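Report on one structure; see the data block that follows.
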Amino acid sequence: NAGVTQTPKFQVLKTGQSMTLQCAQDMNHEYMSWYRQDPGMGLRLIHYSVGAGITDQGEVPNGYNVSRSTTEDFPLRLLSAAPSQTSVYFCASSYPNTGELFFGEGSRLTVL
Amino acid sequence: GENVEQHPSTLSVQEGDSAVIKCTYSDSASNYFPWYKQELGKRPQLIIDIRSNVGEKKDQRIAVTLNKTAKHFSLHITETQPEDSAVYFCAATMNSGGSNYKLTFGKGTLLTVNP
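Order-wise, the sequence lines are chains C and R.
Quick note on the working numbering: the first sequence kicks off at 3 and runs consecutively.
Quick note on the working numbering: the second sequence kicks off at 34 and runs consecutively.
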């Protein structure tokens, strides 16, 4: 099992550019989510999905889109990058009937 | 929505001492409280969790206590070791039917264990 795989690990964007952070899991988890981590702010939920075809907004969804066409994949799209989106992004997944979130290694995004 | 406050933001202890990190939550409906450890440059990993039908849970040197009335829960680490140095996050959610998909995290505590 590879677990939760995120790509890319590092990315630099210019303001206004768009990009997609990829997340894939091979544990057949129904639940997947995206968090951003900023210094002193903890982990904040951006979007989550409870199964293929179902997504919903978290605490800080503005500027981000998600889709869930398969159980395995949950990409995060930045539509028009802004410096405020400079952050470390974590994808996480879990079974619906357990508590543990399994995190990916993170993607560090810098927007200039 | 849920709001989780975590204190202290930094904690420095001597090896062998105990460390205590405290969290409060706002939503009385929350019933699942995990703790995650994040080493420098790594991903967060679950170290212990507690559900609202339990007041205390232990796992070797780590314990978590929950006071539902006061809406606070704490992480206790005994006999600290240098490898316990990390950022610790508490979290809370209403776990409905086993789902925990809206975890709200505290802002984290940087624990430093000095040899």
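The C-beta atom is built at its ideal place from N, Cα and C for all residues, glycine as well.
All values reported here derive from a predicted model rather than from experimental measurement.
Shown in chain order are the members of the stretch 64–94 of chain C whose Cβ falls below 7 Å from a Cβ of chain R: F92.
Bridge pairing for K91/R: A96/R [DSSP]. For the stretch 25–44 of chain C, the beta-carbon criterion of a distance under 7 Å to any beta-carbon of chain R is satisfied by Y33, S35, G42, M43 and G44.
Judged by pairs of C-beta atoms under 8 Å, the stretch 21–35 of chain C touches the stretch 76–96 of chain C, as three or more such pairs exist.
Within chain R, no residue has its beta carbon less than 9 Å from that of F12/C; the closest one is some 12 Å off. In the assembly as shown, M34/C is a buried residue. Its beta-carbon has 16 or more other beta-carbons within 10 Å. For P67/R, the secondary structure class from DSSP, reduced to helix, strand or coil, is strand.
V146/R counts as buried, since no fewer than 16 other beta carbons sit within 10 angstroms of its beta carbon. Here L144/R has L44, A52, D117, S118, A119 and Y121 as same chain residues with Cβ atoms under 7 Å from its own Cβ, once five neighbours each way along the sequence are excluded.
In the DSSP assignment, Y121/R falls within the unbroken beta strand (DSSP E) covering A119 to A125. Contact between R76/R and G108/C holds: their C-beta atoms lie close to 6 Å from each other, under 8 Å.
Chain C has a Cβ within less than 8 Å of the Cβ of F122/R.
With fewer than 16 other beta carbons inside 10 angstroms of its own, K91/R counts as exposed. At the C-beta level, H105/R and T137/R stay beyond 8 Å of one another. In the DSSP assignment, H109/R falls within the unbroken beta strand (DSSP E) covering H105 to I110. Residues of the same chain with a CB within less than 7 Å of the CB of S61/R, apart from the 5 flanking positions on each side, are K104 in chain order. Put simply, the backbone Cα of Q19/C is about 7 Å away from that of L81/C.
Judged by DSSP in its simplified three-state form, S86/C adopts helix.
By the C-beta density criterion, Q8/C is buried, having at least 16 other C-beta atoms within 10 angstroms. For G108/C, the residues of chain R that pass the 8 Å Cβ criterion are R76, in the order they occur in the chain.
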